[in-house]
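Residue numbers (full-length UniProt numbering): 1 to 163.
A virtual CB, placed ideally from N, CA and C, is assigned to each residue, including glycine.
Please read all numbers here as calculations on a predicted model, not as lab measurements.
Notes follow once the structure below has been shown.
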């Protein structure tokens, strides 16, 4: 790409998808799973914010003892993944303990016994489900690169149209 007759290293950035055309404040990226948190209230608060700014809510079910959950948490701090999370999602982490916490909340959208953890659910601002990892695709998160995680997160922003 040429800018004022000079080459520009910005060209690759123009191909990157984005949800919002107006500047938005980056959303915080939580780390770890808080066993004492009121997960249902956190999801409700994120959905309320989502209705205001249009960002989908990404609910991550996991536990601190889970190696793949720890791997996904590390990926969330890497630039490619962190950018997508902060810019395009409202992230809520939900502690499932040893599958003895927040099971009723998870069951609203996903079967943790089938999907394993970490399990991800993407909710539209109206609370409807946009995407899940019901197929267990993140249960092996330690094998996923940050590009693979970021790619999946971006793909969920642009679901295929139904025609």
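Counting other Cβ atoms within 10 Å of its Cβ, residue 102 reaches 16 or more and is therefore classed as buried. The secondary-structure analysis by DSSP pairs residue 116 with nothing; it has no beta-bridge partner. Going by DSSP, residue 96 is part of no beta strand (DSSP E) at all; its letter is neither H nor E.
The beta-bridge partner set that DSSP reports for residue 132 consists of 121. Among the bridge pairs identified by DSSP, residue 91 is matched with 58. Per the C-alpha coordinates, the member of 34, 46 and 38 positioned closest to residue 90 is 46.
Distance between residue 35 and residue 86, taken at the CA atoms: about 23 Å. In this structure, residue 146 lies near residue 75, with their beta-carbon atoms less than 8 Å apart. Contact between the segment 124 to 136 and the segment 44 to 62 is established, with three or more Cβ pairs separated by less than 8 Å. If you draw a 10 Å sphere on the C-beta of residue 143, you find fewer than 16 other C-beta atoms in it, and that means exposed.
Annotation for residue 147: the continuous alpha helix (DSSP H) segment containing it runs 146 to 157. The alpha-carbon separation between residue 139 and residue 67 amounts to approximately 10 Å.
Shown here, residue 79 sits in a helix according to DSSP, grouped into three states.
The straight-line gap separating the alpha-carbon atoms of residue 40 and residue 161 is approximately 30 Å.
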